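Report on one structure; see the data block that follows.
2 protein chains.
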Amino acid sequence: MANRPLAPKLIATRAWVPGSADAGLSRSLLSQEEAAKLATIATISRFRRGDTIYTAGTQADAVYIISSGLVKVFRQDQPGSQILIFAFALEGDIIGMADDGAYSNSATAANNVTAYRIPIKSLRSRMLSDLGLDLALLAKLVHELRASQRHAFILSERLVANKIAMFIEMLEQDQASRLGLTPEEVHLPMSRRDMAEFLAATPAAITRGFKTLEKAGILRCRDNHHVAILDQAGFTQLVNGSLHPGGDVATRTRNGGSRLPLKRSGSR
Amino acid sequence: MANRPLAPKLIATRAWVPGSADAGLSRSLLSQEEAAKLATIATISRFRRGDTIYTAGTQADAVYIISSGLVKVFRQDQPGSQILIFAFALEGDIIGMADDGAYSNSATAANNVTAYRIPIKSLRSRMLSDLGLDLALLAKLVHELRASQRHAFILSERLVANKIAMFIEMLEQDQASRLGLTPEEVHLPMSRRDMAEFLAATPAAITRGFKTLEKAGILRCRDNHHVAILDQAGFTQLVNGSLHPGGDVATRTRNGGSRLPLKRSGSR
DNA sequence: CGCGGCGTTGATAAAGCTCAAACATAGTGG
DNA sequence: CCACTATGTTTGAGCTTTATCAACGCCGCG
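Quick mapping for you: the protein sequence lines, in order, are chains A and B.
Reading the first sequence from the start, the letters are residues 0 to 267 in numbering that gives the first Met the number 0.
Reading the second sequence from the start, the letters are residues 0 to 267 in numbering that gives the first Met the number 0.
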C-alpha cells in the first residue's frame with residue numbers, strides 16, 4: 000500500500016506542535032487509513048495544459064487534491080484585466096476554496112495535471128465523522144495561510160530583483176522540504192509570464208530582474224527553468240530586504256563573505 | 000446577538016455552504032455552548048496602545064481571540080527594515096498563527112485591546128474532543144486565507160490610489176458584514192502610517208493617493224478616519240482595476256467630463 | 001514651553017510600466 | 001523536412017509614479 004499512488008496526499012509542515020527533529024520538513028497529513036477513506040469518495044480528474052479546472056464565481060461543488068502536475072490558482076476580475084496568481088499548486092496541495100458556495104478564484108492547469116476530485120458534500124459528511132481528516136485540513140489551511148502571507152510579503156517588495164530572489168527562496172524551501180535536502184539547483188517549473196503574474200510585474204521586468212541578479216553574481220541561470228544560487232550570503236540579504244541589489248551588493252565586500260565562500264566577488 | 004460579553008466570539012462568513020439568505024454576512028461560528036467551553040480555558044488579557052502581544056520567532060504558547068480593540072499583525076524581518084502589516088484584527092478575529100511551534104509574525108495593540116488568551120495545549124486537547132470547535136476554526140481559517148489573498152491582490156496593484164480604494168472597499172465590506180447594513184461612512188480606525196504599512200507604500204504616497212481620489216470626486220474625507228464614497232460607480236471601477244485614476248481623471252478635462260471606461264484589450 | 005511623533009507638502013531621481021519590435025521556440029500541416 | 005503560425009521571451013526608448021529626502025505645521029505630552 001505504501002508505494003501505490005492511488006490515495007490522495009496532503010502535504011504541510013507542522014504549525015503549533017514544535018517538532019525539532021524534522022523542522023521545516025513537509026509531512027503527509029493523512030494516515031493511510033484516512034487517505035484510503037478519502038479515496039473512496041474521490042474520483043480522479045485529468046487536465047491538459049491550459050485546461051480550466053474551475054472558474055471564480057461558479058458553484059463550488061468539489062475540491063481537488065493535486066496528485067501530479069502544476070496548477071495555477073489565480074484571480075482575474077475582468078477578462079483582459081490584470082491577473083494575479085495566488086499560488087502554484089502541486090502534489091499534495093488542495094485547491095478549491097469557496098466563498099458562500101462559489102469558488103473565490105480560478106484554477107487552470109499549467110501542464111498535464113492529475114488530481115483527486117472530492118465533492119464538497121461527501122467531504123462534509125466525512126469530516127463530521129472523521130476527526131483526523133478535520134485536523135489534517137486545519138493544518139493544511141494554516142500552511143496555506145502562511146504561504147499566502149509570504150506571497151503578500153513578496154509583493155510588498157518594491158524592486159523586482161528582490162521579489163525574484165524571494166520567489167526563488169520560496170521555491171527552494173518548498174523543494175527542500177519535499178525532498179528532505181537542499182537541491183543544488185532550484186527548479187522553476189513555470190514560465191516567465193507566470194512568474195510575472197505571481198510577482199505582480201511584467202515579463203519584461205522579470206527578464207531584467209534575473210539579469211540584474213546574474214550580473215550581481217547572486218545566481219546563475221542554466222536555463223529559464225533552472226537557477227543555482229552562487230552567493231548565498233548576498234542572496235539571503237536580498238531576501239531579507241536589507242539591501243538593494245543594484246547598489247550595495249557590489250560594495251558588500253566590507254562585511255559580507257565571512258560565513259560562506261563567495262565564488263566571485265565584486266566583479267564590476 | 001447575546002448581551003454576555005464574557006465568552007469568546009469567532010466571526011466569519013460561510014465558505015462552501017451556500018447560504019443565500021445571509022450572503023456576505025458574518026456569523027458567529029461558535030455555539031453558546033462551545034463559546035462557554037472555550038471560556039473555561041481562556042484568560043482575559045488587556046493591552047494598551049503600543050503593547051506587544053507576541054513577537055515573531057518566539058515560542059507560541061497561546062492564541063488570542065480579540066474581544067475589543069484593534070491589533071496589528073505584521074512582519075518585520077530586521078529591526079529598522081520595512082514593515083508589512085498582514086492584517087488588522089478586531090473583535091471576533093483570532094491571532095497567533097505559528098510555524099513549527101514559533102509565532103510566524105508579530106502583533107501589537109493599535110489601541111486598547113482586550114482579548115481571550117487560549118493556551119495551545121488546552122486548545123488542542125479541547126479540539127480533540129469537540130468537533131464543533133474544529134469546524135469553527137476551519138471556517139475561520141478559510142476566512143483568513145481569503146482575507147490574505149485579498150491583501151495580496153491589493154498589493155499587486157500598481158497605483159496607490161487604487162490600493163487605497165480597494166482597502167476602503169475591504170473595510171466597507173467588513174463593516175457592512177458586521178453591522179448587517181452598509182454604513183454611510185467607512186471608518187478607518189488606523190493611522191495613515193498603518194495604512195502605508197498595510198499597503199506597502201509610504202505615508203506620503205497615502206496622503207497623495209487620498210488627494211487624488213478626492214480630486215477625482217470618488218470620495219470625500221470628513222477627517223482622517225472617516226470617508227464617504229461619493230461616486231460608487233467610479234469607485235467600483237477603480238476597485239476592479241479597470242481604470243487608472245491618474246490617467247483618465249487628468250484627461251477628463253479634454254474629454255469634456257464624461258467618465259469613460261477606457262479598458263485595454265488584446266486585439267490587434 | 002520644548003519635544004517627538006504624525007501628517008502634509010515639495011523637489012529630485014530611480015525603477016518599472018507602456019508600447020513596440022526583434023528574437024526564439026514550439027507545434028502544425030503541407 | 002520545411003515553411004508557417006502562435007506563443008513566449010528578450011531588448012529598447014520614452015513616460016509615469018512613487019520612493020527618497022527634506023522642511024514645515026499640528027497635536028499631545030511631559
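Idealized CB from N, CA, C, for every residue including glycine.
The structure displayed is predicted, hence computed values, not measured ones.
Residue 98 (chain A) sits in a strand when the DSSP states are folded into three classes.
Spatial neighbours of residue 197 (chain A) in its own chain (CB-CB distance under 6 angstroms, excluding positions within 5 residues in sequence) are listed in chain order as 84. With the criterion set as a beta carbon lying under 8 angstroms from some beta carbon of chain B, the segment 210 to 234 of chain A has no members that meet it. At a beta-carbon threshold of 7 angstroms, the residues of chain B lying near residue 97 (chain A) are 14, 15, ordered along the chain. Proximity to residue 14 (chain A) across B:7, B:97, B:137 peaks at B:97, based on C-alpha coordinates. Using beta-carbon distances, residue 103 (chain B) counts as an interface residue toward chain A, with a partner under 9 angstroms. With a cut-off of 8 angstroms on Cβ pairs, the segment 228 to 242 of chain A is in contact with the segment 164 to 177 of chain A, counting three or more such pairs. Counting only Cβ-Cβ distances below 8 angstroms, residue 143 (chain B) has contacts in chain A at 144, in chain order.
Separation of residue 64 (chain A) and residue 214 (chain B) (C-alpha to C-alpha, rounded to the nearest whole angstrom) is 48 angstroms. A contact is defined here as three or more CB-CB pairs under 8 angstroms, and the segment 153 to 162 of chain B fails this definition with respect to the segment 34 to 53 of chain B. If you draw a 10 Å sphere on the C-beta of residue 62 (chain B), you find 16 or more other C-beta atoms in it, and that means buried.
Shown here for residue 191 (chain A): same chain residues with a beta carbon closer than 6 angstroms to its own, the five before and five after excluded, namely 202, 205 in chain order.
Chain A has no Cβ within less than 9 angstroms of the Cβ of residue 34 (chain B).
In this chain, the alpha helix (DSSP H) harbouring residue 39 (chain A) covers 31 to 40. With a threshold of 16 other beta carbon atoms within 10 Å, residue 91 (chain B) meets it and is buried. In this chain, the alpha helix (DSSP H) harbouring residue 150 (chain B) covers 130 to 154.
With contacts defined by Cβ atoms closer than 9 angstroms, residue 28 (chain A) and residue 5 (chain A) do not form a contacting pair.
For the C-beta of residue 59 (chain A), the chain B residues within less than 8 angstroms are, from N- to C-terminus, 15.
A buried status is given to residue 7 (chain B), since no fewer than 16 other beta-carbon atoms sit within 10 Å of its beta-carbon. Around the beta carbon of residue 144 (chain A), 16 or more other beta carbons sit within 10 angstroms, so the residue counts as buried. Annotated as distal: residue 182 (chain A) and residue 89 (chain A), with beta-carbon spacing of 9 angstroms or more.
CA-to-CA, the gap between residue 131 (chain A) and residue 94 (chain A) works out to about 19 angstroms. Within chain A, no C-beta atom comes less than 9 angstroms from the C-beta of residue 125 (chain B); the nearest is roughly 12 angstroms away. Pairing residue 59 (chain B) with residue 102 (chain B) gives a Cβ-Cβ distance under 9 angstroms.
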